[in-house]
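K.L.:
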Ligand code: PRT
Ligand code: ZN
C-alpha cells in the first residue's frame, strides 16, 4: 500500500456498506468498486479503501493499520472494552457521529418469561455477540449471569434451549417479534461513527481529512 494515500476501512458488505459508499461518493470520491477486492483505490483523490468485516474495523484503526474507519458504536465500544481488558492499544478519536446505522443493543426474553427487571436474570444464561457491553450493564445492575457467546442466530437461542434470554441489536423489533421475544432493557444506543487513528498523520493525509470533513458535515445537514 502507498504510505502517502489516506487509508479508510469500511464494511465490505452489510448494513453499513451502501451508506458508506454513498457518503464517500457524496464527498466527491470516485471509487471503482466493481471488483470485490480488499483494496479499492479512489480515482481522483489520494484515498485507498479497505473493504473488511465490520468487526475488524476498530482494531485496524487502533493498531494504526488504517487512518480512518466507519463502524457502528456497538462494535467500537465492544472492541474497546475487549482490547482494554487484554492490554492492547485502544486509542482512537471520533471525527463524526453519522446519521445512519442506528440501532440499539437490548435485552429480550421469551413472551412467557415473567420479567420483573434485570434481577430476573440472576444466574441465567444470556446469548449475545456483545459479552463486554452486556457484562458492563449487568455489573451496574448488580446481577450475575452466564454469557453464551453466539456470533449469529442469537434470536433463536431461547427457543433452542441454549439460553434464557438474549442481548442483541434491534432496529424495527420485527426479528424479536418473529421469534416470540420481548425487548426488556435497552443497554446501548448506537449509530455509525467515523473514527481516526491516534497516530499523528503526515500533513498530506491530514489535508485530505480536512477536505473530507466539511463535505460530510454538509451532506448530513442536507439530509436533516
Ligand atoms: O459481515 P460483517 O461482520 O461485516 O457484518 P455483520 O453481519 O456483523 O453486521 P451487519 O451488516 O448486520 O451490521 C453492521 C452494523 O449495522 C451493526 O454493527 C450495527 O451497528 C448496525 N445495525 C443497525 C444493525 C442493525 N441496525 C440490525 N438491525 N446490525 C444488525 N441488525 C440485526 C440484528 O442483529 C437482528 O438480527 O438485525 C436484526 C434486527 O433487526 P430488526 O429490524 O428486526 O429489529
Ligand atoms: Zn460483523
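Residue numbers (the working numbering): 1194 to 1417. C-beta: ideal position from N, C-alpha, C; glycine also.
1. Determine the closest residue to residue 1285 out of 1318, 1305, 1253 and 1346, with distance taken between C-alpha atoms.
2. Quick one: give me the first and last residue of the beta strand (DSSP E) that residue 1349 is part of.
3. Counting along the chain, where does the beta strand (DSSP E) carrying residue 1283 start and finish?
4. Looking at residue 1201 and residue 1168, is the spacing between their C-beta atoms short of 8 Å?
5. Mapping DSSP to helix, strand and coil, what is residue 1223?
6. For residue 1396, report the span of its beta strand (DSSP E) as first-last.
7. Under a Cβ-count criterion, where at least 16 other Cβ atoms within 10 Å of its own Cβ denotes burial, should residue 1348 be classed as buried or exposed?
8. On the CB-based measure, 16 or more other CB atoms within 10 Å of its CB, does residue 1396 come out buried or exposed?
9. Taking only the alpha-carbon atoms, compute the straight-line gap between residue 1360 and residue 1237 and give it to the nearest angstrom.
P.N.:
Inspection of the coordinates gives the following:
1. Its Cα nearest to that of residue 1285, the residue 1253 stands out among 1318, 1305, 1253 and 1346.
2. Here residue 1349 belongs to no beta strand (DSSP E), and DSSP marks it neither H nor E.
3. Boundaries for residue 1283: no beta strand (DSSP E) harbours it, and the DSSP string shows neither H nor E there.
4. There is no way to answer for residue 1168, as the model of the chain reaches only from 1194 to 1417.
5. In this structure, residue 1223 counts as coil in the three-state DSSP scheme.
6. In the DSSP assignment, residue 1396 falls outside any beta strand (DSSP E) and lies within the alpha helix (DSSP H) extending over 1396-1416.
7. The residue is buried, with at least 16 neighbouring Cβ atoms inside 10 Å.
8. So residue 1396 ends up on the exposed side.
9. For residue 1360 and residue 1237, the distance between alpha carbons rounds to 43 Å.
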